[in-house]
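A.B. asks: Chains C and Z supply the protein sequences, listed in that same order. So in this note's numbering the end of the first sequence lands on 257, straight run, no missing numbers. So in this note's numbering the end of the second sequence lands on 590, straight run, no missing numbers. For reference, the structure I am asking about is given below.
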Amino acid sequence: MSLLEIRGLSVRFGGLTAVSRLDLHVDEGSLVALIGPNGAGKTTAFNVITGLYAPSDGSVRFEGREIGGAAPHRISALGIARTFQNIRLFRSLSALDNVRAALQGSRRRGVSDVLRLGSWSASERAAEAEARGLLDELALGAFADARADSLPYGEQRRLEIARALATRPKLLLLDEPAAGMNPAEKQALRELVRRLGAKRGLTIVLIDHDVSFVMNLSDRVAVLDHGEKIADGAPEAVRRDPLVIEAYLGRDGEDEA
Amino acid sequence: MRVRSLAGAVAALGALVLIDQIAPRLLNPYFVTILSRIGIAVIAAVSLQLVNGFTGQFSIGHAGFMAIGAYASAALSVFAGAEGLELAATFVPISVARVAYFPLALVFGGLAAAVVGIFVAVPALRLRGDYLAIATLGAGEIIRIAILNIDAVGGARGFSLASSAHPAVDLRFEGLGGVFAVAALTVLAIARLVYSGGGLAFRAVREDETAAESIGIATTRVKVEAFLVASFFAGVAGALFAHSEGYIHTNSFGFVRSFELVVFVVLGGLGSISGAILAAATLTAAPELLRGLGDWRMVLYSLLLIAMMLSRPQGLLGQRELWPISLLTRGSR
Chain C
1 MSLLEIRGLS
11 VRFGGLTAVS
21 RLDLHVDEGS
31 LVALIGPNGA
41 GKTTAFNVIT
51 GLYAPSDGSV
61 RFEGREIGGA
71 APHRISALGI
81 ARTFQNIRLF
91 RSLSALDNVR
101 AALQGSRRRG
111 VSDVLRLGSW
121 SASERAAEAE
131 ARGLLDELAL
141 GAFADARADS
151 LPYGEQRRLE
161 IARALATRPK
171 LLLLDEPAAG
181 MNPAEKQALR
191 ELVRRLGAKR
201 GLTIVLIDHD
211 VSFVMNLSDR
221 VAVLDHGEKI
231 ADGAPEAVRR
241 DPLVIEAYLG
251 RDGEDEA
Chain Z
258 MRVRSLAGAV
268 AALGALVLID
278 QIAPRLLNPY
288 FVTILSRIGI
298 AVIAAVSLQL
308 VNGFTGQFSI
318 GHAGFMAIGA
328 YASAALSVFA
338 GAEGLELAAT
348 FVPISVARVA
358 YFPLALVFGG
368 LAAAVVGIFV
378 AVPALRLRGD
388 YLAIATLGAG
398 EIIRIAILNI
408 DAVGGARGFS
418 LASSAHPAVD
428 LRFEGLGGVF
438 AVAALTVLAI
448 ARLVYSGGGL
458 AFRAVREDET
468 AAESIGIATT
478 RVKVEAFLVA
488 SFFAGVAGAL
498 FAHSEGYIHT
508 NSFGFVRSFE
518 LVVFVVLGGL
528 GSISGAILAA
538 ATLTAAPELL
548 RGLGDWRMVL
558 YSLLLIAMML
568 SRPQGLLGQR
578 ELWPISLLTR
588 GSR
C-alpha cells in the first residue's frame, strides 16, 4: 500500500515552474531516494509534502488523505517529519530541549504547567527520559546539555534527525542528510538510516544529489531534473539510464563549461 | 519536595507581611512609592519578556494594555466597587471586604486587557519583525487615544478613583505587601509557563518558526497565547498602578512607557526573567535616586543605558536565570 501518493504535482513561483507534473508513490516501509542536480525541485517537493508550500496543481495524499496545502503543524501531527537541507535547529536551546520540544508528551502548555499538580512532574520526567533515549540512540547522549549551535556539524545533522523522530513519524523526509560530510561520515550515516528504517519500521524518503550515496541504501530511486521526473526504479537501472546520465553529465558534444 | 514547596510559600508569605508592615515605618513615603512602582514595573516587564524575549515577537505597545487594565479596573471600582464595598461593610469589617475586593479588581483589569489583547494579536501576529513592532506601537497609541476620548472615565482630565455617590469609601489600595505578592505570583506563573516541556513551544517559535511548525507546533496559536498572557498581566499591572496611585491619566501609558518596558527586557537580557526583574528595578529606581543631580540626571541615565548596550549587547544576563527563578521552576528546566 502506498503511504504517500503524489499525483500530477506542479509548483509554480510566478513564471518559474519548480516542480512539474510530478508523480511519486512511496510504499510503506520502503526507502526511496529522490536525486537530481541542484535546482531540480527536490526540496520544493519536500516543502509541499510538509505543507510549507501549497501545490499549484495536483494532489498529495498521505494514508489516502489529501494533505496538499494543509498547515505544516497539522501534517506533522499526521505523522510526517523532516530535516532541513540548511540545518534548522533551535540554536540557543540545549540538544535535549531541541528533542523535548518535539515530543507529543510535552504538548501541555498553560494552566497545568503553572500549577504543576498531580502527575505533572511524572509526565515531565517521562518526556525527558524519552528525549534522552532518542539522543542516546543517535549517539548524542554526551551533548544533551550543550547548546545546539555548539555541536559539531555532523552531530547537528543527527540532532535534527533525533528531533524529527521525537514526533513519532510514520514517514521521515531527510533533506540532503549527507551534505558536507566526508566519506567515513557518509558511511556512518548510511548505517544509521538503514538501522532507523529497519528498527523503527519507518518509511524514509531521502534527498541527495549524488547517485552513489543512495546506491546501496535505497529500494528505489527517483530522479528529478528541471522539476520533472526523468527516471524512477531500482538503483542499478536508474544509474544506467541514459536520461539520468545526460542530466548529470550533459549530452555528447555539448559544451561542459 | 511538597514540604519544601510549603516551606518556601510560608517564607515568601512571611517576607511579604514583613515588607508590608516594616517598610512604611522605616522609609519615608517617597521611597515606599518608588518600591511600589518597582513592583508594578516588574509585573509589566516580566509579562513583556514572555512575548519579546521568549516567543521572539517584538511588541512595543505594552503600555496600551496597562492602560486598559488601569481604566477598566478603575471604572469597575468607581461605578460598582464603591457601592459593593459600602454594602459589604454592613456585614463584615471593611478591611476584610477590601482584601476580598482588590484581587477581583485586578483580575478584572487583567481580563479586560487580555480581551483587547486577542483583538490586537490575531491580526498583528501575522506580521513579522519591524512590521509587528510598528503594528503593536500603533495599537498601543490607538488604545491610549481612544480612552482619552471617553468622557465617562474623565477624558483629558484624568480619572480619579473616588466615587461621588459613595465618597466615604476609600478605593485606594496601599501597602507594599499586595504589590509584591502580585509581582511574585506573576513571576512564578510566567517562569513556570516558560520553563516546562510545554513552554518549550514559546522558545522554539523564537528560535525557528519553520522548524517549530515542522515538529507540530501551531506557531500562530503559540504567539497569540503568549500575547494573551502578557496582556493579561500588563492589565493587572495597570490595575495595580491605578489603585495605588488613586488617579490615572492616559499620559502615564504613552509610547514612552512602552519603550521603557522594552528597555527593561532588552537591557535585562531577552529571554531572562531575572534580567527583566533586575532591569525593571534598577531603571525604575535610578531616575529617582539620581534626582539630586538636578538637570544632569537624565543625561546620566542615558549614558548609563548607552554604556550598558556597548558593554553587554546581549543584555545584563543574556538568556541566563539567577537561582531564585530556577528555584521557582524546580522539577523542570
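For glycine and all other residues, C-beta sits at the position ideal for the given N, C-alpha and C.
Got a sec: is the Cβ-Cβ distance from Z/Ser471 to anything in chain C below 7 Å?
C.D. replies: Here the question's residue 471 of chain Z lines up with position 214 in the second sequence. So yes, Z/Ser471 belongs to the interface.
A.B. asks: Less than 7 Å between CB atoms is the rule here; does Z/Gly572 satisfy it with respect to chain C?
C.D. replies: As a position in the second sequence, residue 572 of chain Z is number 315, starting the count at 1. It does not: the Cβ of Z/Gly572 has no partner Cβ on chain C nearer than 7 Å.
A.B. asks: Mind listing the chain Z neighbours of C/Ser20? Cutoff is C-beta to C-beta under 8 Å, in chain order.
C.D. replies: The sequence position of residue 20 of chain C within the first sequence is 20, counting from 1. In chain order: nothing, as chain Z lies at least about 25 Å away.
A.B. asks: Mark Z/Ile563 as exposed unless 16 or more other C-beta atoms lie within 10 angstroms of its C-beta, in which case mark it buried.
C.D. replies: Within the second sequence, numbered from 1, the residue matching residue 563 of chain Z stands at position 306. Exposed: under 16 other Cβ atoms inside 10 Å.
A.B. asks: Any chance you could list the beta strand (DSSP E) runs of at least 3 consecutive residues sitting entirely within the region 171-225 of chain C, in chain order?
C.D. replies: Listed in chain order, they are 171-175, 203-208, 220-225.
A.B. asks: Under 9 Å Cβ-Cβ, which residues of chain C neighbour Z/Glu578?
C.D. replies: Locating residue 578 of chain Z in the second sequence gives position 321, counting from the first residue. The premise fails here: Z/Glu578 is roughly 14 Å from chain C at the closest Cβ pair, so nothing lies under 9 Å.
A.B. asks: Secondary structure at Z/Gly271, three-state DSSP: helix, strand or coil?
C.D. replies: Within the second sequence, numbered from 1, the residue matching residue 271 of chain Z stands at position 14. Three-state result, Z/Gly271: helix.
A.B. asks: Please confirm if C/Leu140 has its CB atom under 7 Å from at least one CB of chain Z.
C.D. replies: Here residue 140 of chain C refers to the residue found at position 140 of the first sequence. With 7 Å as the cut-off, C/Leu140 does not count as an interface residue toward chain Z.
A.B. asks: Below 7 Å between beta carbons is the criterion; list the residues of the region 114-142 of chain C that meet it against any residue of chain Z, in chain order.
C.D. replies: Answer set for the region 114-142 of chain C: Val114, Arg116, Ser121, Glu124, Ala127.
A.B. asks: Going straight from the alpha carbon of C/Phe143 to that of C/Arg91, what length do you get?
C.D. replies: In the first sequence, counting from the first residue as 1, residue 143 of chain C sits at position 143. In the first sequence, counting from the first residue as 1, residue 91 of chain C sits at position 91. Distance between the alpha carbons of C/Phe143 and C/Arg91: 13 Å.
A.B. asks: Closest to C/Val111 by C-alpha separation, out of Z/Leu342, Z/Glu431, Z/Ser453, Z/Ser330, would be which residue?
C.D. replies: As a working note, residue 111 of chain C is residue 111 in the first sequence. Among Z/Leu342, Z/Glu431, Z/Ser453, Z/Ser330, the Cα nearest to that of C/Val111 belongs to Z/Ser453.
A.B. asks: Quick check: the Cα distance between C/Ser123 and C/Gly51, rounded to an integer number of angstroms?
C.D. replies: Within the first sequence, the letter at position 123 stands for residue 123 of chain C. Within the first sequence, the letter at position 51 stands for residue 51 of chain C. Near 30 Å, if we compare the C-alpha coordinates of C/Gly51 and C/Ser123.
A.B. asks: Along the region 290-324 of chain Z, where does the CB come closer than 8 Å to a CB of chain C? Name the residues.
C.D. replies: Against chain C - using a Cβ distance shorter than 8 Å - the region 290-324 of chain Z contributes no residues.
A.B. asks: Just how far apart, CA to CA, sit Z/Thr539 and Z/Leu547?
C.D. replies: For the purposes of this step, residue 539 of chain Z is taken as the residue at position 282 of the second sequence. For the purposes of this step, residue 547 of chain Z is taken as the residue at position 290 of the second sequence. Rounded to whole angstroms, Z/Thr539 to Z/Leu547 spans 11 Å at the Cα level.
A.B. asks: Does C/Thr17 have its Cβ less than 7 Å from a Cβ in chain Z?
C.D. replies: As a working note, residue 17 of chain C is residue 17 in the first sequence. Taking Cβ atoms only, chain Z never reaches closer than 7 Å to C/Thr17, which makes this a no.
A.B. asks: Expressed to the nearest angstrom, what Euclidean distance is found between the alpha-carbon atoms of C/Arg158 and C/Ile204?
C.D. replies: Numbered from its first residue, the first sequence carries residue 158 of chain C at position 158. Numbered from its first residue, the first sequence carries residue 204 of chain C at position 204. Near 15 Å, if we compare the C-alpha coordinates of C/Ile204 and C/Arg158.
A.B. asks: Return helix, strand or coil for C/Tyr53, following the three-state DSSP convention.
C.D. replies: Stepping through the first sequence from its first residue, residue 53 of chain C is reached at position 53. If DSSP states are grouped into helix, strand and coil, C/Tyr53 belongs with coil.
A.B. asks: Going along the region 48-75 of chain C in order, which residues come within less than 9 Å of chain Z, judged by CB to CB distance?
C.D. replies: Answer set for the region 48-75 of chain C: Thr50, Gly51, Leu52, Ala71, Pro72, His73, Arg74, Ile75.
A.B. asks: Would you mind telling me which residues of chain C sit closer than 7 Å to Z/Ser474, beta carbon to beta carbon, in chain order?
C.D. replies: Counting from 1 along the second sequence, the entry for residue 474 of chain Z is found at position 217. Contrary to the premise, residue 474 of chain Z reads as Ile rather than Ser in this sequence. Neighbours of Z/Ile474 on chain C, chain order: His73.
A.B. asks: Helix, strand or coil, according to DSSP, for Z/Ser453 in the structure here?
C.D. replies: For the purposes of this step, residue 453 of chain Z is identified with residue 196 of the second sequence, where counting begins at 1. Coil, per DSSP.
A.B. asks: Going by DSSP in three states, Z/Thr443 sits in which element: helix, strand or coil?
C.D. replies: Looking up residue 443 of chain Z in the second sequence gives position 186. Reduced to three states, the DSSP call for Z/Thr443 is helix.
A.B. asks: What number of angstroms, rounded off, separates the C-alpha of C/Gln187 from the C-alpha of C/Leu115?
C.D. replies: Residue mapping note: residue 187 of chain C aligns to position 187 of the first sequence, counting from 1. Residue mapping note: residue 115 of chain C aligns to position 115 of the first sequence, counting from 1. Looking at the two C-alpha atoms, the distance is approximately 48 Å.
A.B. asks: Using the beta-carbon count (16 or more within 10 Å), is C/Glu254 buried or exposed?
C.D. replies: The residue given as residue 254 of chain C occupies position 254 in the first sequence. Note that C/Glu254 scores 49 on pLDDT, short of 50, meaning its location in the model is unreliable; the coordinates nonetheless yield the value given after this. Exposed, since its Cβ has fewer than 16 Cβ neighbours within 10 Å.
A.B. asks: Please report the Cβ distance between Z/Leu307 and Z/Ala487, rounded to the nearest whole angstrom; I am assuming they are in contact, meaning their Cβ atoms lie under 8 Å.
C.D. replies: Working through the second sequence from its first residue, we reach residue 307 of chain Z at position 50. Working through the second sequence from its first residue, we reach residue 487 of chain Z at position 230. Going by Cβ atoms, the distance from Z/Leu307 to Z/Ala487 rounds to 5 Å, so yes, they are a contact pair.
A.B. asks: Following the continuous beta strand (DSSP E) through Z/Leu384, name the residue where it begins and the one where it ends.
C.D. replies: The residue you call residue 384 of chain Z lines up with position 127 of the second sequence. Looking at the DSSP string, Z/Leu384 is not in any beta strand (DSSP E), and its letter there is neither H nor E.
A.B. asks: Please return the same chain residues whose Cβ sits closer than 8 Å to the Cβ of Z/Val481, not counting the five positions on each side in sequence.
C.D. replies: Stepping through the second sequence from its first residue, residue 481 of chain Z is reached at position 224. Cβ neighbours of Z/Val481 beyond the five flanking positions: Ile375, Ala378, Val379, Leu382.
A.B. asks: Is it buried or exposed for C/Glu153, if we count other Cβ within 10 angstroms and need 16 for buried?
C.D. replies: Translated into the one-based positions of the first sequence, residue 153 of chain C becomes position 153. Strictly speaking, residue 153 of chain C in this sequence is Tyr, with Glu absent from that position. Exposed, by the Cβ-count rule.
A.B. asks: Short of 7 Å Cβ to Cβ, which residues in the region 444-468 of chain Z face chain C?
C.D. replies: So the list reads Ala446, Arg449, Leu450, Ser453, Gly454, Gly455, Gly456, Leu457, Ala458, Arg460, Ala461, Glu464, Asp465, Thr467, Ala468, given in the order they occur along the chain.
A.B. asks: Under a Cβ-count criterion, where at least 16 other Cβ atoms within 10 Å of its own Cβ denotes burial, should Z/Arg261 be classed as buried or exposed?
C.D. replies: Mapped onto the second sequence, residue 261 of chain Z falls at position 4. Classification for Z/Arg261: exposed.
A.B. asks: Going straight from the alpha carbon of Z/Asp465 to that of Z/Ala458, what length do you get?
C.D. replies: The residue labelled residue 465 of chain Z in the question sits at position 208 within the second sequence. The residue labelled residue 458 of chain Z in the question sits at position 201 within the second sequence. If I take the Cα positions, the gap works out to 11 Å.
A.B. asks: In chain Z, which residues lie less than 8 Å from C/Leu110 when you measure between Cβ atoms?
C.D. replies: As a working note, residue 110 of chain C is residue 110 in the first sequence. Inspection of the sequence shows that residue 110 of chain C is occupied by Gly rather than by Leu. Result: Leu450, Gly455, Glu482.
A.B. asks: Anything in the region 88-102 of chain C with a Cβ closer than 9 Å to a Cβ of chain Z? List those residues in chain order, please.
C.D. replies: Listed by position, the residues of the region 88-102 of chain C near chain Z (Cβ gap below 9 Å) are Arg88, Leu89, Phe90, Arg91, Ser92, Leu93, Ser94, Leu96, Asp97, Asn98, Arg100, Ala101, Ala102.
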